[in-house]
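Numbering (the numbering used here), first residue to last: 66 to 202. We treat Cβ as the ideally placed atom computed from N, Cα and C, and that holds for glycine. Input: a single structure, listed below in structure tokens.
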């Protein structure tokens, strides 16, 4: 239910119950934040949507991490990994980072986009999501 309120049309799977996942009015200095957590040590929480990609479109994400934690953000397009980025205090200014994913290779196609909150050590692996948006540039 939280995902439909946060990002219309997106679905969530393999989300574990650790660290109280759900939609928060405010978290980490941002408003309207979705908190996810991987299912287990190997299984990442997956946010996905099947979309028609238009020319000039990209995916904009603003993601963060728990104060003592980190995780790997993996973005897949039709099952192919297109981005893997550590989300940690070293990679996030003030706890957050903006990520842009170029979708030009998928222009004119219908694809499945997967955003994965992947564990990388099983210590405070919560994913904070402040924005998930398809935009035209």
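Contacts around residue i, its chain only, beta-carbon distance under 6 Å, and the 5 residues preceding and following it disregarded
| i | result |
| --- | --- |
| residue 93 | 129, 160 and 193 |
| residue 141 | 179 |
| residue 77 | 68 and 112 |
| residue 155 | none |
| residue 121 | 201 and 202 |
| residue 81 | 102, 103 and 104 |
| residue 189 | 131, 133 and 134 |
DSSP three-state assignment for residue i, whether helix, strand or coil
| i | result |
| --- | --- |
| residue 169 | helix |
| residue 70 | helix |
| residue 103 | strand |
| residue 90 | strand |
| residue 118 | coil |
| residue 198 | strand |
| residue 113 | strand |
| residue 156 | coil |
| residue 161 | strand |
Inter-residue CB distance, residue i and residue j (contact presumed, cutoff 8 Å)
| i | j | result |
| --- | --- | --- |
| residue 184 | residue 90 | Going by Cβ atoms, the distance from residue 184 to residue 90 rounds to 26 Å, so no, they are not a contact pair. |
| residue 118 | residue 143 | That belief does not hold up - the Cβ atoms of residue 118 and residue 143 are roughly 11 Å apart, past 8 Å. |
| residue 148 | residue 135 | Not confirmed; about 16 Å, so no contact. |
| residue 172 | residue 84 | Not really, about 37 Å apart at Cβ, beyond 8 Å. |
| residue 125 | residue 198 | 5 Å |
| residue 106 | residue 187 | 5 Å |
Beta-carbon contacts of residue i that lie in its chain and below 7 Å, excluding the five residues immediately before and after
| i | result |
| --- | --- |
| residue 74 | 114 |
| residue 127 | 161, 163, 195 and 196 |
For residue i, the nearest candidate out of the options (CA to CA)
| i | options | result |
| --- | --- | --- |
| residue 72 | 98, 81 and 139 | 98 |
| residue 157 | 88, 138 and 79 | 138 |
is_contact[residue i, chain C] using C-beta, thresh 7 Å
| i | result |
| --- | --- |
| residue 141 | Structure shown: chain C not included; a single protein chain is present. |
Same chain only: Cβ atoms within 8 Å of residue i, ignoring 5 sequence neighbours per side
| i | result |
| --- | --- |
| residue 79 | 103, 104, 108, 109, 110 and 111 |
- Message: Any contact between the stretch 101-108 and the stretch 161-172? By contact I mean 3 or more CB pairs, one from each, below 8 Å.
- Response: no
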